[in-house]
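The structure under discussion appears below in the form of structure tokens.
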Amino acid sequence: MAATSWEDSVKSLKGVILDMCGVLYDAGEDGGTPIPGSVEAVKRLKASDLQVRFCTNETQATREVFVAKLQRMGFDICVSEVFSPAPAAVAVLKERGLRPHLLVYDGVVPEFDSVEKANPNCVVIGDAAEKFSYQNLNDAFRVLIGLEKPVLFSLGRGKYYKEDEGLNLDVGVYMKALEYACDVEAEVIGKPDPMFFQKVLDDMGVQSHQVGLKTKSSTHILLKRIPSHPPALFLSLSLLLLSFCLSLLLLSFCLSLSSCSLSVSLSLSLSLSLSLSPALFLSLSLSLPALFLSLSSCSLSLSPPALFLSLLLLSFCLSPSPPVRL
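Next comes the structure, spelled out in structure tokens:
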């Protein structure tokens with residue numbers, strides 16, 4: 201999908217997150233070339249009311265170097281708008297007081313200058329390219345295996361990527377090797393991990409359903425990647441229907457007592473519902489006309505249609521909420 205046509209499709213949103221390689225530019229030996237129309241599309245998006253952020257799994261250079269390359273291509277992008285795995289990992293390390301052993305590309309090491317690295321108590325791996333030697337992997341393994349509670353961070357989980365000379369193994373392959381050897385599950389910081397995108401949403405100050413995400417392979421709403429709670433209105437209606445079903449079942453129970461008349465049963469039902477929940481009491485009170493109609497000649501049991509309705513509503517309330525599609 202062309203960048204300009206996708207721009208037209210997100211006019212109702214408050215923000216947009218753009219993948220970079222394959223969406224804005226194609227990688228190459230000369231550093232990459234812009235995809236036709238992408239430079240102008242970024243200008244138009246930033247001139248609109250949308251908040252724009254750029255995400256990348258680039259782990260071979262600092263954001264400053266990466267942004268400078270994109271600016272030379274003509275993109276209107278600043279460092280604060282770009283989210284990459286390394287600075288996100290630094291934030292996590294600081295929050296948890298961790299000291300990393302780094303197995304990353306030399307060009308991205310400066311991103312970790314602000315964290316202590318002596319006596320490491322975790323390992324961080326990224327796309328280290330030729331740094332993925334046996335010795336370096338074994339050093340990372342020794343750090344992890346020597347920890348009582350090993351912690352492994354991976355700056356992505358990709359299997360491989362393409363460059364001009366052909367396909368190259370990505371960080372995910374080496375992550376799996378360390379996971380297997382150390383019996384540990386890596387914490388992934390980068391695309392497509394939901395936590396990575398949540399950091400971007402926090403920076404934008406918006407909810408997931410208000411943001412569009414454009415990747416190389418698809419265009420979609422970020423809500424499909426990051427789980428969110430069902431709308432409050434749906435929850436309210438579900439609770440109301442559930443209260444109504446419980447009201448029907450409660451009245452049916454009271455009417456089934458052979459010693460109780462209809463009026464006594466109703467009084468007992470209202471008293472019990474009030475003691476259990478004000479919402480249940482309100483639901484029963486409001487539904488009394490329907491309950492009277494559902495009683496067959498004021499017999500001491502609910503009519504089959506009413507019982508079927510109550511079970512149907514109960515199953516609806518207890519079923520999972522339908523997925524939201526935008």
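So for the sequence shown, my numbering puts the first residue at 201; every next one is plus one. Cβ coordinates follow ideal geometry from the N, Cα and C atoms, glycine included. Model, not experiment: these values are computed from the prediction.
Asked                                                                                                                                             : Found
With a threshold of 8 Å, are at least 3 pairs of Cβ atoms found where one atom belongs to the region 310-326 and the other to the region 276-283? : no
Residue range of the beta strand (DSSP E) that Tyr305 falls in?                                                                                   : From DSSP, Tyr305 is part of no beta strand (DSSP E); its letter is neither H nor E.
Is it true that the CB of Leu213 sits closer than 8 Å to the CB of Leu250?                                                                        : yes
Of the residues Cys322, Val304, Ala318, Ala286, which one's Cα is nearest the Cα of Arg296?                                                       : Cys322
Would you check if the distance between the CB atom of Lys198 and the CB atom of Tyr305 is smaller than 8 Å?                                      : Limits of the chain in this structure are 201 at one end and 526 at the other, which puts residue 198 out of reach.
Using beta-carbon positions only, say whether Gly390 and Leu344 come within less than 8 Å of one another.                                         : no
What residues in its chain sit with their C-beta under 8 Å from that of Val371, if we drop five residues either side in the sequence?             : Thr259, Ile325, Gly326, Asp327, Ala328, Ser354, Leu355, Gly356, Arg357, Gly358
Does Met220 pass the burial test, meaning 16 or more other C-beta atoms within 10 Å, or should it be called exposed?                              : buried
Going by DSSP in three states, Gln335 sits in which element: helix, strand or coil?                                                               : helix
Taking DSSP as the reference, what is the three-state secondary structure of Val388?                                                              : strand
Select from Lys399, Val290, Leu303 the residue whose C-alpha is nearest the C-alpha of Glu316.                                                    : Val290
Would you mind giving the Cβ-Cβ distance between Leu337 and Tyr374, rounded to the nearest angstrom? I have them listed as a contact below 8 Å.   : 6 Å
Which same chain residues end up closer than 8 Å to Glu264 when comparing Cβ atoms and leaving out the 5 residues on each side of it in sequence? : Val279
Along the chain, which unbroken stretches of the alpha helix (DSSP H) at least 4 residues long are found entirely within the region 236-279?      : 238-247, 263-272
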